[in-house]
Amino acid sequence: MEYETTDYVKVPIRQFPAREIRETAEGRYWKQFTKPLTAKQVGAVSCIDFSPALPYDFAITSSTRVLIYNGATRTVRRTITRFQDRAYGAHFRSDGRVLAAGGESGMVQIFDAASRSILRQLKGHSRPAHGAYFSSDRVHVLSVGDDATARWWDVTAGTQVGRLSGHEDYVRSAAAHPTSAEVWATGCYDHGVRLWDMRSQSSVLKVDHGAPVEAVAFVPSGSLLITAGGTNVCIWDVLSGGRLLAQLSNHQKTVTCLAVSPSAGPASAVAPRLLTGSLDGHLKVYELEGFQVTHVQSHVAPILSLGLAPDNSLLAVGMADGTLS
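Shown next, in the form of structure tokens:
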């Protein structure tokens with residue numbers, strides 16, 4: 004079959020004037036964090052926690068180590084290597100002088116942040132302990148583990164004083180209520196998030212996130228609980244019995260970490276800011292009044308952890324390839 008050949012006339016492409024991009028106050032605020040210093044770790048950076056005390060040092064958990072960075076110079080101040088296997092979920096006490104960390108062995112260890120010496124070794128979990136969190140009373144620690152339990156420890160005595168049962172899968176996250184020292188939230192891979200009253204050591208509220216829960220956090224007032232897992236972030240009204248207020252579905256892959264700041268954002272900001280990190284490599288900022296995305300950062304690898312200094316002077320992001328940004 005023969006085709007008739009025809010001369011085609013090239014169609015000119017119309018040129019439109021470039022659209023003016025107006026930079027907002029929110030964009031300018033978060034832009035200060037877009038020229039980071041980066042450091043490569045020996046393993047994935049699975050946890051970042053800022054000390055509540057000046058100069059706001061921060062601890063990162065990576066492979067078999069916990070590194071403490073100087074909050075002012077951004078250089079390594081201490082390296083803790085007292086783990087037989089992988090370390091997990093290191094968090095500071097409220098005075099910044101002591102750290103608690105879990106590990107692959109299931110043991111929870113308490114460290115002096117200055118000398119790196121082991122102050123306590125708490126044995127109870129039968130499987131890996133993925134996080135350890137100090138209570139505001141500085142005496143108790145809550146740990147969460149792959150044995151489907153959370154455990155309540157008296158650090159002074161070095162003994163377990165509570166075992167929280169009810170979850171049916173890995174418990175990977177916890178958060179202390181900001182105004183009620185006896186109330187804690189735990190998130191589990193069974194899709195459930197529970198609120199616990201440590202006075203009775205009983206579950207007082209349960210919500211279903213709908214996917215394995217990677218992270219939980221409270222807003223500063225304690226009235227809202229935020230949960231992350233799958234591609235969604237859920238906002239729950241604790242005061243109304245766990246009513247779902249919003250489901251944020253702006254990530255393309257699993258949301259792995261959360262941070263809430265009451266004062267981040269431009270001077271015009273009136274609502275707290277929520278930061279979320281995901282395996283899609285994006286960090287998103289939401290305002291917690293209308294639950295709208297106000298800023299997006301792209302990173303070089305899947306995000307596993309993030310932290311924001313109490314004075315909002317430093318944002319740290321940990322990634323699966325070992326990058327600390």
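Mapped onto this note's numbering, the consecutive letters of the sequence shown carry residue numbers 4 to 328. For every residue, glycine included, the Cβ atom is placed at its ideal position computed from N, Cα and C. Since the model is a prediction, treat every value here as computed from it, not as a measurement.
query, result
"Could you tell me the alpha carbon to alpha carbon distance between A218 and L261, rounded to whole angstroms?", "6 Å"
"Counting pairs of beta carbons, one from the stretch 307-320 and one from the stretch 287-299, are three or more of them closer than 8 Å?", "no"
"Taking D240 and L227 to be in contact with their CB atoms under 8 Å, please state how far apart those CB atoms are, rounded to whole angstroms.", "6 Å"
"Can you tell me the Cα-Cα spacing of T152 and A28, whole angstroms?", "44 Å"
"For A103, which option in R154, R119, A135 has the closest C-alpha, if you only look at C-alpha atoms?", "A135"
"Excluding the five sequence neighbours on either side, which residues of its own chain have a C-beta within less than 6 Å of the C-beta of V111, listed in chain order?", "G105, L125, A132, A135, S146"
"Determine contact between the stretch 154-168 and the stretch 176-184, defined as no fewer than three beta-carbon pairs at a distance below 8 Å.", "no"
"Give every residue of the same chain whose Cβ lies closer than 7 Å to the Cβ of I51, excluding the five residues on either side of it in the sequence, and list them in chain order.", "F61, I63, S308, L309, G310, A319, G321"
"Starting from the C-beta of G109, find all residues in its chain whose C-beta is less than 7 Å away, skip the five residues before and the five after it, and write them out in chain order.", "H128, S129, R130, P131, A132, G148"
"Under 9 Å, do D140 and E171 count as touching if we go by C-beta distance?", "no"
"In the DSSP assignment, the alpha helix (DSSP H) including K34 goes from what residue to what residue?", "28-34"
"What residue does the beta strand (DSSP E) around H143 start on, and which one ends it?", "143-148"
"Report back the beta-carbon spacing between L40 and R77 to the nearest angstrom; my notes put them in contact at under 8 Å.", "6 Å"
"Once you ignore the five residues that flank A323 on each side, which residues in its own chain have a CB closer than 6 Å to its CB?", "A47, A304, P305, L307"
"Quick one: is A117 buried, meaning 16 or more other Cβ sit within 10 Å of its Cβ, or exposed?", "exposed"
"Is the distance from the Cβ of R175 to the Cβ of P215 below 9 Å?", "yes"
"Restricting to Cα atoms, I'd like to know which of H94, T84, E107 is closest to V144.", "H94"
"Applying the 10 Å Cβ sphere with the 16-neighbour rule, what's the burial state of P269?", "exposed"
"Quick one: what's got a C-beta closer than 6 Å to T84's C-beta in the same chain, skipping five residues either side?", "R68"
"Put A323 into one of helix, strand or coil per three-state DSSP.", "coil"
"With distance defined between alpha-carbon atoms, name the residue in S66, P55, L122, A178 nearest to T159.", "L122"
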